[in-house]
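Structure first, commentary second.
Okay, here's the thing in structure tokens:
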């Protein structure tokens, strides 16, 4: 794992900890779909994912 503060060189085999970076891609995809009118930020998730288990009302962040 490179440590930038000690100037370790990065190459094609360098492994990075990317964490939960997929959240940004998912959010952007949803924003694009909303912009195209294919869904709304106000839609219930079950509208688009009918098999989603209903655990009651939740706040998604």
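Numbering (the working numbering), first residue to last: 2 to 62. Every residue gets a Cβ at the ideal spot worked out from N, C-alpha and C, and that includes glycine. In this text, all values refer to a predicted model and were calculated from it rather than measured experimentally.
Asked                                                                                             : Found
Between the alpha carbons of residue 19 and residue 13, how many angstroms are there, rounded?    : 15 angstroms
For a quick check, are the C-beta atoms of residue 47 and residue 39 less than 7 angstroms apart? : no
For the alpha helix (DSSP H) containing residue 23, name the first residue and the last one.      : 23-36
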